[in-house]
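Chemist: Quick one: this structure, given as C-alpha cells, is what I'll be asking you about.
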Amino acid sequence: MPYEEFHFFLKDTVRQSVDFSQTRQSLGYPPPAVQKPCEEGARRIALPRPAEWRAVKDVSVAEAMGRRRSLRKYASAPLSLEELSFLLWATQGFRDRESDARVYRTVPSAGCRHPLETYLAVLRVSGLEKGIYRFLPVEHALVEVARPESLEERTAQACLNQPFAGRSAVTFFWSAVPERTEWRYAEASVKVIALDAGHVCQNLYLACEAIEAGCCAIAAYDQEAADALVGVDGRSEFVIYAAPVGKR
C-alpha cells in the first residue's frame, strides 16, 4: 500500500506506549485554561442568548440531516447577530462546568478537554464590523481580534485560494490548542483532537439548516496564511479546520 506509512495517524496504537502515570494530569499539574484570555482593553461584543433567539427555526434532527449539503455559493444577504450567536452556541456552546478539568459544551470532546478555539472572518453579519473575531464560550460573547485590509481576499488565500471562502457571510476558522488535551492524554492526543474538530463542524452543518444557510468544510488550507490571518503563533496554537457559512 503506497501510503501505509501515514496510516499511523488513523490508528490508536500510540496509546499502548503512553505512560499515563506521567501525564501532567497524573503528576498533579492544574489543567490548562478552558478559554484563551483576552488582551487587556480588547473590545467585547455580547451575543444574544438562547432565550432571545427568534430567527432560529424548529427543525428536527432528521430533517437537518436529510437536507444537509456542502454549500459553496451564497446569497448576498447577511447573517444576523442572532443567527451567528446560534451557530456559535451549536458548535462550542458552554452548558455547564463541573470543575476546571470538566466543562460541558454542546459538542463531545475526548476527556472533556475541548482543545479548540473559534475564530471568525466576519464579512457580512448585521451589527458587526468586518474583521476577525474570537468566540468566548464561557461568556457567550465575541472579542475583536483585528480588522485586516482586503479581508475577503486574505480569507480566500488562507483557504488555498478557494474563492467561495471569501464570499461567505462569515468563515469559521477553528484552531487547536494541543496543551489542553495533552494534559490528560500526552502523545495519544493527536488523533482525538482531529476527531473533536469533526464533531464541531458537523454541528455547524446541522445548525445551518435551522437558519436557511449552508456551509462547506475546508481541510485544505495554507497553514501559515491561516495562522497569520487569525493571529496565532502556529506552535502552541494553530488552525486545524475552516468552514465558510452563508445564506442559501
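Mapping the sequence shown onto this note's numbering, position 107 (from 1) lands on 107, and the numbers just tick up by one. C-beta: ideal position from N, C-alpha, C; glycine also.
1) Got a sec, what are the start and stop residues for the beta strand (DSSP E) VAL56 sits in?
2) Since I believe TYR74 is in contact with ARG167 (beta carbons under 8 Å), could you give me their beta-carbon distance rounded to a whole number of angstroms?
3) Using the rule of at least 16 other Cβ atoms within 10 Å of the residue's Cβ for burial, across every protein chain shown, is SER150 buried or exposed?
4) Less than 7 Å separating the beta-carbons of PRO2 and ALA101?
5) Can you give the Cα-Cα distance for GLU212 and LEU206, rounded to whole angstroms?
6) Report, in whole angstroms, the separation of the C-beta atoms of ALA46 and ALA146, which I expect to be a contact under 8 Å.
7) With a threshold of 8 Å, are at least 3 pairs of Cβ atoms found where one atom belongs to the stretch 224-234 and the other to the stretch 87-101?
8) Which two residues bound the contiguous beta strand (DSSP E) that contains LYS247?
9) For my contact list, ALA217 and SER70 are in at a C-beta cut-off of 8 Å; report their separation, rounded to the angstrom.
10) Please say whether LEU136 and VAL125 have beta carbons closer to each other than 7 Å?
11) What is the residue span of the beta strand (DSSP E) that SER99 lies within?
12) If you compare alpha carbons, which of VAL122, VAL107, HIS7 is closest to ASN203?
13) With a 10 Å radius around its C-beta and 16 neighbouring C-beta atoms as the bar for buried, classify GLN92 as buried or exposed.
14) Leaving out five residues before and five after CYS112 in sequence, what residues of the same chain have Cβ atoms less than 6 Å from its Cβ?
15) Going by C-alpha to C-alpha distance, which of CYS208, CYS215, LEU160, ARG180 sits closest to GLU224?
16) Report the start-end ranges of each beta strand (DSSP E) in the stretch 137-196 that is 3 residues or longer and not cut off at the edges.
17) What did DSSP end up calling VAL122 once you bin it into helix, strand or coil?
18) Nearest-angstrom Cα distance between GLU152 and SER26?
19) Buried or exposed for LYS247, going by 16 or more other Cβ atoms inside 10 Å?
20) Could you give the first and the last residue of the continuous alpha helix (DSSP H) run that contains ALA77?
21) Does the distance from the CB of TYR119 to the CB of PHE173 come in under 7 Å?
22) Our contact map puts GLU82 next to ARG54 with C-beta atoms below 8 Å; I'd like the distance itself, whole angstroms only.
23) Would you check if the distance between the CB atom of ILE240 and the CB atom of ALA176 is smaller than 7 Å?
24) Rounded to the nearest angstrom, how far is the Cβ of LEU128 from that of ALA169, given a contact under 8 Å?
Modeler: Result, derived from the coordinates:
1) Indexing the sequence shown from 1 puts residue 56 at position 56. Per DSSP, VAL56 lies in no beta strand (DSSP E) and is assigned neither H nor E.
2) Your numbering for residue 167 matches position 167 in the sequence shown. Your numbering for residue 74 matches position 74 in the sequence shown. The pair is a contact, with the Cβ atoms about 6 Å apart (cut-off 8 Å).
3) Here the question's residue 150 lines up with position 150 in the sequence shown. The residue is exposed, with fewer than 16 neighbouring Cβ atoms inside 10 Å.
4) Against the sequence shown, residue 2 aligns to sequence position 2. Against the sequence shown, residue 101 aligns to sequence position 101. No, these two residues do not count as a Cβ contact at 7 Å.
5) Looking up residue 212 in the sequence shown gives position 212. Looking up residue 206 in the sequence shown gives position 206. GLU212 and LEU206 have their alpha carbons spaced roughly 11 Å apart.
6) Here residue 46 is taken as the residue at index 46 of the sequence shown, counted from 1. Here residue 146 is taken as the residue at index 146 of the sequence shown, counted from 1. Their Cβ separation, rounded to whole angstroms, is 20 Å, which puts ALA46 and ALA146 out of contact at 8 Å.
7) Judged by Cβ distances under 8 Å, the stretch 224-234 makes no contact with the stretch 87-101, as fewer than three pairs qualify.
8) The sequence position of residue 247 within the sequence shown is 247, counting from 1. Under the DSSP assignment, LYS247 falls in the beta strand (DSSP E) whose first and last residues are 238-247.
9) As a working mapping, residue 217 is identified with position 217 in the sequence shown. As a working mapping, residue 70 is identified with position 70 in the sequence shown. About 7 Å separates the Cβ atoms of ALA217 and SER70, confirming a contact at the 8 Å cut-off.
10) For the purposes of this step, residue 125 is identified with residue 125 of the sequence shown, where counting begins at 1. For the purposes of this step, residue 136 is identified with residue 136 of the sequence shown, where counting begins at 1. In this structure, LEU136 does not lie closer than 7 Å to VAL125 by Cβ.
11) Locating residue 99 in the sequence shown gives position 99, counting from the first residue. DSSP places SER99 inside the beta strand (DSSP E), whose first and last residues are 94-99.
12) As a working mapping, residue 203 is identified with position 203 in the sequence shown. The option with the nearest alpha carbon to ASN203 is VAL107.
13) In the sequence shown, residue 92 corresponds to position 92, counting from 1. By the neighbour-count rule (16 or more Cβ atoms within 10 Å), GLN92 is buried.
14) Working through the sequence shown from its first residue, we reach residue 112 at position 112. Cβ within range, chain order: ARG102.
15) Sequence index remark: in the sequence shown, residue 224 carries index 224 (1-based). Of the candidates CYS208, CYS215, LEU160, ARG180, the one whose C-alpha sits nearest the C-alpha of GLU224 is LEU160.
16) Taking only runs of at least 3 residues, the beta strand (DSSP E) segments lying wholly in the stretch 137-196 are 141-146, 170-176.
17) For the purposes of this step, residue 122 is taken as residue 122 along the sequence shown, with counting starting at 1. The DSSP-derived three-state label of VAL122 is strand.
18) Position 152 of the sequence shown holds residue 152. Position 26 of the sequence shown holds residue 26. Straight across, the Cα-Cα distance linking GLU152 with SER26 is about 45 Å.
19) Position 247 of the sequence shown, counting from 1, holds the residue named residue 247. So LYS247 ends up on the buried side.
20) Translated into the one-based positions of the sequence shown, residue 77 becomes position 77. Going by DSSP, ALA77 is part of no alpha helix (DSSP H) at all; its letter is neither H nor E.
21) Along the sequence shown, read from residue 1 onward, the residue named residue 119 stands at position 119. Along the sequence shown, read from residue 1 onward, the residue named residue 173 stands at position 173. It is a contact, given that the beta carbons lie within the stated cut-off.
22) Stepping through the sequence shown from its first residue, residue 82 is reached at position 82. Stepping through the sequence shown from its first residue, residue 54 is reached at position 54. That belief holds up - the Cβ atoms of GLU82 and ARG54 are roughly 7 Å apart, short of 8 Å.
23) Walking along the sequence shown from the start, residue 240 turns up at place 240. Walking along the sequence shown from the start, residue 176 turns up at place 176. Cβ distance < 7 Å, so ILE240 and ALA176 count as in contact.
24) Taking the sequence shown and counting its residues from 1, the one referred to as residue 128 is at position 128. Taking the sequence shown and counting its residues from 1, the one referred to as residue 169 is at position 169. About 10 Å separates the two Cβ atoms, so there is no contact after all.
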